[in-house]
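Working notes for the structure below.
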Amino acid sequence: MNVPTNLKYTESNEWIKVEGNTGTIGITDFAQNSLSDIVFAEVVVGEGDTVGKGASIATIESVKAAADVYTPISGKVIAINEDLGSAPEVINSDPYGAAWLVKIELIDPAELDGLMDAAAYEAQVQE
Amino acid sequence: MGEPQLCELSVPGRHGLRYPAPDVPLSPLPEALLREDLPMPELSELDVVRHYTRLSQLNHSIDTGFYPLGSCTMKYNPKINEETARLPGFAALHPLQPVETAQGALVLMYNLQEWLKEIGGFAAVTLQPAAGAHGELTGVLIMRAYHHSRGDSQRDKILIPDSAHGTNPATSAMSGMRVVELKSDARGNVDLEALRLECDHTLAGLMLTNPNTLGLFDENVLEVIRLVHEAGGLVYGDGANMNALLGVVRPGDLGIDVLHYNLHKTFSTPHGGGGPGSGPVGVAAHLADFLPAPLVTILDPGDEDLPPLYGLVNPPKSIGRVKSFHGHFGMAVRAYTYIAMHGAEGLRRIAEHAVLNANYLKARLQDVYHVPYNRVCMHEFVAEGRWEDAPEVHALDIAKRLMDYKFHPPTNYFPLIVHEALMIEPTESESKETLDAFVDAMLKIAEEAHTQPELLKEAPHHTPIGRVDEVKAAKELVLCCGVSAND
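Next up, the structure:
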């Protein structure tokens, strides 16, 4: 299982990469592996929307289950990944790269302190 | 599988019947409704009979094999149900007949309402909802109407344990409610601490599946209900698992305010492609005025010379109709038959045997298939379909391999709180011989998983269709098979 050390993680298996004031959000390798073959992905927020920490930002469906994706932090949506609609399987093949879901402009960077680092997330997944 | 589709069997000009010449003047169709071609298959009656008979022989069904599909209660559907449902007095009724000419059907519906009230411990019952999730929608709309009638319209939060049926969150969202998920505790009960944190003035209610989807009876059910009521909320009971409770526990007595029954699970009406569902809803006295309209009632008790007159009545604060006419009436006839055939003692034995059978299977399988939340179960239990020393094998592979042994697979990958879940519900209908044969197959498959995993990965091998490509089916869904208009 791949858990990059430069990202922050949530209990609900999202990752966030912070560069300056921008957070890029996706689901983890563990999440995509648990869901198995992903057949549908839809970002349910639009550019310019303001979302509160924990709000649903996307829906992902696999042959096994449907799952909501929640934003790890509050902020304004500045970009959404338009390519996933036609190629949701990218979430399986490249969860930390091409399969990013949304980019968010952070409102309160202090919220990041409540997220897990790679070691803590790996420990959670091992449980 | 070698069975072509109807459009492939079609031959231009072939047909199954000839209409007699009309004995009334012909009336031309409006121009706007006419079209150049109507591509439909053209076949003889015999072509169609053979096509569907062959298809039916490719199916697995409860009449051909064991069907331990968790949460679905695939019990035997007694054939006498079909006889009573086909009695001309029921089958040939028109729903708009004057009530005076449909007294038999109304008596049956009235008695079924009364019996379901007694079985569930409720003050009133509607037979209208078309299936379980429709019953849920009806129930949650009743809860919402109740809060609104009291000026409590800020109550928009529905709590749903993570061990609930998957339809519960969908029902709440569709009713305009806000869904908040509650974690289960280590024993598979609703986590009381998590519940307390959510009990506030926005609480509309909680949807409780009990026994839950782990097949476990919530050990704190009375406290869960007390906490929700104390906060001003209502408790919805998902009665899909009533088979475990018949004649033993009445949900209304526990304090549950509203509950749907699945006639097509607990009361042996056909499902799984065999017929429409039916999801009557029972409510406590404080919700009776909100039930869908109409209900069947006794309009005039009659006297020594005259029998009582049954008819229809609209509850005063009704949420309105939820289904045309009176729901799936044929299912009411079947369920009525089933209840009448069993009686109170028989209903209790159904629950006892359903629970006994599930625990027997669990006891025989748990050393090989890990059972999380392992305590005495109700009508079903959830095992894990995975082994550390057979990492490439998943629950899906076990399910597919079971088909080679002529068993319907259990529900898999649900509930979500168990990894690689296999949810097994034998029902009371099955003999010990059948249960043992199923266990033997499961144990053999576990052995194969370790010695010949490819046998599982490529299963099923002996079914009319092999392993289907589920990803392709989900992404490139093509349901139409067109007949070319130019043929």
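Chains S and W, in that order, are what the protein sequence lines are. Heads up, the first sequence is in my numbering, so the first residue is 162 and it goes up one at a time. Heads up, the second sequence is in my numbering, so the first residue is 2 and it goes up one at a time. For glycine and all other residues, C-beta sits at the position ideal for the given N, C-alpha and C.
1. Work out the CA separation of W/Val472 and W/Gln6 for me, nearest whole Å.
2. Closer than 7 Å between beta carbons: that is the criterion. Which residues of the stretch 215-242 of chain S meet it against chain W?
3. If you follow the alpha helix (DSSP H) that W/Met175 is part of, which residue opens it and which one closes it?
4. Exposed or buried, W/Asn487, counting other C-beta atoms within 10 Å across all chains shown (16 or more means buried)?
5. Quick check on the burial criterion: 16 or more other C-beta atoms within 10 angstroms. Buried or exposed for W/His202?
6. My assumption, with CB atoms under 8 Å, is that W/Leu215 sits in contact with W/Asp239. Please give the rounded CB distance.
7. Contact criterion: CB-CB distance below 7 Å. Does W/Asn487 meet it with respect to chain S?
8. Rounding to the nearest angstrom, what Cα-Cα distance links S/Ile268 and S/Thr211 in this structure?
9. Could you check whether the stretch 321-336 of chain W touches the stretch 124-135 of chain W, counting it as contact only if at least three pairs of C-beta atoms, one from each stretch, sit closer than 8 Å?
10. Quick check on S/Asp255 - is its C-beta less than 7 Å from some C-beta in chain W?
11. Closer than 8 Å by beta-carbon distance: list the chain S residues that pair up with W/Tyr414, in chain order.
12. Thinking C-alpha only, which one of W/Met404, W/Val440, W/His462 and W/Val369 is nearest W/His451?
13. Report buried or exposed for W/Cys481, applying the criterion of at least 16 other Cβ atoms within 10 angstroms of its Cβ.
14. Give me the chain W residues within the contact set of S/Val200, using Cβ-Cβ distance strictly less than 7 Å, ordered along the chain.
15. Which class does W/Asp488 belong to by DSSP, given the choice of helix, strand or coil?
16. To the nearest angstrom, report how far apart W/Ser525 and W/Ile143 are at their CA atoms.
17. Taking buried to mean at least 16 other C-beta atoms within 10 Å of its own C-beta, is W/Gln367 buried or exposed?
18. Is W/Leu44 close to chain B? Criterion is C-beta to C-beta, closer than 7 Å.
19. Give the straight-line distance between the Cα atoms of S/Ala271 and W/Glu182, rounded to the nearest whole angstrom.
20. Label S/Thr232 either buried or exposed according to how many other C-beta atoms from any shown protein chain fall within 10 Å of its C-beta, with 16 as the threshold for buried.
21. Across the stretch 280-288 of chain S and the stretch 240-247 of chain S, are there enough close Cβ pairs to call them in contact, namely three or more that are closer than 8 Å?
22. Residues of chain S with a CB under 7 Å from the CB of W/Leu417: which are they?
23. Considering Cα atoms alone, identify which of S/Met162, S/Ile199 and S/Gly209 is closest to S/Ser223.
24. In angstroms, rounded to a whole number, what distance separates the CA positions of W/Arg10 and W/Asn60?
25. What's the C-alpha gap between W/Pro21 and W/Leu44?
26. Mind checking whether W/Phe439 and W/Phe67 have CB atoms under 7 Å apart?
27. Have a look at W/Glu231 and W/Tyr77 and give me their C-alpha separation to the nearest angstrom.
28. Report the start-end ranges of each alpha helix (DSSP H) in the stretch 188-256 of chain W that is 4 residues or longer and not cut off at the edges.
29. For W/Asn82 and S/Thr171, what's the separation of their Cα atoms in angstroms?
30. With a cut-off of 8 Å on the beta carbons, I'd call W/Asn244 and W/Ala352 a contact; round off their distance for me.
31. W/Tyr374 bridges to which residues according to DSSP?
32. Here's the rule: buried if 16 or more other CB atoms are within 10 angstroms of the residue's CB, otherwise exposed. What is W/Tyr337?
Well, looking at it:
1. Stepping through the second sequence from its first residue, residue 6 of chain W is reached at position 5. Stepping through the second sequence from its first residue, residue 472 of chain W is reached at position 471. So the alpha carbons of these two residues sit roughly 23 Å apart.
2. Contacts with chain W (Cβ-Cβ distance below 7 Å) from the stretch 215-242 of chain S involve Val224, Lys225 and Ala226, listed in chain order.
3. The count along the second sequence starts at 1 and reaches residue 175 of chain W at position 174. For W/Met175, the enclosing alpha helix (DSSP H) has its first and last residue at Thr168 to Met175.
4. As a working mapping, residue 487 of chain W is identified with position 486 in the second sequence. Here W/Asn487 scores only 47 on pLDDT, less than 50, and its place in the model should not be relied on; the value that follows carries that caveat. Of the other Cβ atoms in all chains shown, fewer than 16 fall within 10 Å of the Cβ of W/Asn487; this residue is therefore exposed.
5. One-based indexing of the second sequence puts residue 202 of chain W at position 201. Exposed, because fewer than 16 other Cβ atoms sit within 10 Å of the Cβ of W/His202.
6. Against the second sequence, residue 215 of chain W aligns to sequence position 214. Against the second sequence, residue 239 of chain W aligns to sequence position 238. Going by Cβ atoms, the distance from W/Leu215 to W/Asp239 rounds to 14 Å, so no, they are not a contact pair.
7. Position 486 of the second sequence holds residue 487 of chain W. Here W/Asn487 scores only 47 on pLDDT, less than 50, and its place in the model is too uncertain to base an answer on.
8. Translated into positions along the first sequence, residue 268 of chain S becomes position 107. Translated into positions along the first sequence, residue 211 of chain S becomes position 50. The alpha-carbon atoms of S/Ile268 and S/Thr211 are separated by roughly 9 Å.
9. Under the 8 Å Cβ criterion, the stretch 321-336 of chain W counts as touching the stretch 124-135 of chain W, having at least three qualifying pairs.
10. Numbered from its first residue, the first sequence carries residue 255 of chain S at position 94. By this cut-off, S/Asp255 is not an interface position.
11. Translated into positions along the second sequence, residue 414 of chain W becomes position 413. Contacts between W/Tyr414 and chain S, judged by CB atoms closer than 8 Å, involve Lys225 and Ala226 in chain order.
12. Locating residue 451 of chain W in the second sequence gives position 450, counting from the first residue. The residue among W/Met404, W/Val440, W/His462 and W/Val369 with its C-alpha nearest the C-alpha of W/His451 is W/Val369.
13. For the purposes of this step, residue 481 of chain W is taken as residue 480 along the second sequence, with counting starting at 1. Taking all protein chains in view, the Cβ of W/Cys481 is surrounded by fewer than 16 other Cβ atoms within 10 Å, so the residue is classified as exposed.
14. Start at 1 with the first residue of the first sequence, and residue 200 of chain S comes out as number 39. Simply Val472, Ala475 and Lys476.
15. Walking along the second sequence from the start, residue 488 of chain W turns up at place 487. Reliability fails at W/Asp488, whose pLDDT of 43 lies under 50, so the model's placement of it is uncertain and the value that follows must be treated cautiously. W/Asp488: coil per DSSP, three-state reduction.
16. For chain W, the structure presents residues 2 to 488; residue 525 of chain W sits outside this window and is missing.
17. The residue given as residue 367 of chain W occupies position 366 in the second sequence. Around the beta carbon of W/Gln367, fewer than 16 other beta carbons lie within 10 angstroms, which makes this residue exposed.
18. Among the chains of the structure shown, chain B does not appear; the protein chains present are S and W.
19. Mapped onto the first sequence, residue 271 of chain S falls at position 110. Mapped onto the second sequence, residue 182 of chain W falls at position 181. Distance between the alpha carbons of S/Ala271 and W/Glu182: 26 Å.
20. If you number the first sequence from 1, residue 232 of chain S lands on position 71. So S/Thr232 ends up on the buried side.
21. No: fewer than three Cβ pairs fall under 8 Å.
22. Along the second sequence, read from residue 1 onward, the residue named residue 417 of chain W stands at position 416. Near W/Leu417 (Cβ distances below 7 Å), the residues of chain S are Ala226.
23. Residue mapping note: residue 223 of chain S aligns to position 62 of the first sequence, counting from 1. For S/Ser223, the closest C-alpha among the options S/Met162, S/Ile199 and S/Gly209 is that of S/Ile199.
24. The count along the second sequence starts at 1 and reaches residue 10 of chain W at position 9. The count along the second sequence starts at 1 and reaches residue 60 of chain W at position 59. Looking at the sequence shown, residue 10 of chain W is not Arg but Leu. Using only the alpha carbons, I get a separation of about 20 Å.
25. For this step, residue 21 of chain W is matched to residue 20 along the second sequence. For this step, residue 44 of chain W is matched to residue 43 along the second sequence. Going from the Cα of W/Pro21 to the Cα of W/Leu44 covers about 19 Å.
26. Position 438 of the second sequence, counted from the start, is the residue given in the question as residue 439 of chain W. Position 66 of the second sequence, counted from the start, is the residue given in the question as residue 67 of chain W. Yes, the pair counts as a contact, with Cβ atoms nearer than the cut-off.
27. Within the second sequence, numbered from 1, the residue matching residue 231 of chain W stands at position 230. Within the second sequence, numbered from 1, the residue matching residue 77 of chain W stands at position 76. Cα to Cα, the separation comes out at about 41 Å.
28. 193-199, 222-231 and 252-255, all fully within the stretch 188-256 of chain W.
29. As a position in the second sequence, residue 82 of chain W is number 81, starting the count at 1. As a position in the first sequence, residue 171 of chain S is number 10, starting the count at 1. Distance between the alpha carbons of W/Asn82 and S/Thr171: 53 Å.
30. Numbered from 1 along the second sequence, position 243 holds the residue referred to as residue 244 of chain W. Numbered from 1 along the second sequence, position 351 holds the residue referred to as residue 352 of chain W. Confirmed, Cβ separation roughly 7 Å.
31. Looking up residue 374 of chain W in the second sequence gives position 373. For W/Tyr374, no pairing in a beta bridge is given by DSSP.
32. Here residue 337 of chain W refers to the residue found at position 336 when the second sequence is read from its first residue. With 16 or more neighbouring CB atoms inside 10 Å of its own CB, W/Tyr337 falls in the buried class.
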